[in-house]
Every structure is written in structure tokens, then in C-alpha cells.
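Beneath this line is the structure, given in C-alpha cells, with notes to follow.
In the working numbering, the protein residues as written are 100 to 258.
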């Protein structure tokens, strides 16, 4: 059976703060939320449209240098952008590809951008990013416990 909630943890553990999403996913997985499935990837690919089938909601988690600390949580929609022609896709482009393939809207989708600072190869996550990870982990635990989307939408603010 397909879990109604899918969490994509996007990041590379070999690149400093880019490890934030995979680290968060593993923390939450150990909590045993049965209604949630986790996928860890370095980047999104067009093939991931099949992972969205049968879901009520999708949460994309990624580290980001452009948002305020500790994180930004937002609802996203399908959008055609140039990322579909590169080696990786944005979450909105993946939702757009879903619409193209299945001729219907993708499940409700949300993006959690955790503020990161350094993404150098071989670095460990920074102290500041680790603090942001703690705050983001609390939010995602709350979301996984409350799989009702109106409750998720009440959380759509900066921490």
C-alpha cells in the first residue's frame, strides 16, 4: 500500500550543509510514522513523477542558502521552468511533469527550505545549520503527526 504522505529529502551528505535534508529524514524515519514514506535523493529527476502517484501530499526538503534562518515552509504548485532540461529538476517542475504525464494535478505539495551556509565537498554540517536542522525537525515531526493538510497550511510561516 502506498503511504499517503511522501517526503523527498534532497541533498548530498558529502557537501556540508547539503546533508540537512537526509539527516532530517533519518531522524523522522526512526520515529515510525506509518502514514509517511521517505525518499532520499541527491536531486530530483523526471522519473520521480511515478513516486507521486496515489499520494495525498508531498513534502520536499532541501537545504538553501537564500532563505532566512532557521527555515522557510511553503506550499508550492506546478510550474514550468528550465530545470526540466538539466540533470536535475525543481520540485515545481516535477509537479508540472506529473501534470503533463498523468493529465491531472499532482498531490498537494510543500517545500521546506532549511537555511544552510556551507556546501563544500568533504565538509561537515555547520553549527548554525545544525541549529536550523533542530527547528526544522520539530516542524516535520508535527507535520507527520498531523497528516491533515489544513493543519499543515497553518504552519506556512517562517519559524
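A virtual CB, placed ideally from N, CA and C, is assigned to each residue, including glycine. Remember, it's a predicted structure, so these values are computed and weren't measured experimentally.
Around the Cβ of residue i, are there at least 16 other Cβ atoms within 10 angstroms (buried) or fewer (exposed)?
i: residue 162; result: buried
i: residue 192; result: buried
i: residue 220; result: exposed
i: residue 115; result: buried
i: residue 281; result: Residue 281 lies beyond the residue range present for the chain, which begins at 100 and ends at 258; the question has no answer from this structure.
i: residue 164; result: exposed
i: residue 117; result: buried
i: residue 239; result: buried
i: residue 212; result: buried
i: residue 197; result: buried
Can you tell me where the alpha helix (DSSP H) with residue i in it begins and where it stops?
i: residue 245; result: Residue 245 -> no alpha helix (DSSP H), and no H or E assigned at all.
i: residue 191; result: 190–201
To the nearest whole angstrom, what separates the beta carbons of residue i and residue j, a pair I think is in contact under 8 Å?
i: residue 134; j: residue 104; result: 6 Å
i: residue 138; j: residue 150; result: 6 Å
Which stretch, first to last residue, makes up the beta strand (DSSP E) that contains residue i?
i: residue 178; result: Where residue 178 is concerned, there is no enclosing beta strand (DSSP E), given that its DSSP letter is neither H nor E.
Looking at the strands, I want to know which residues DSSP matches up with residue i.
i: residue 209; result: 158 and 174
i: residue 214; result: 163
- prompt: At what residue ranges does the stretch 100–176 contain a whole run of the alpha helix (DSSP H), taking only runs of 4 or more?
  reply: 119–128
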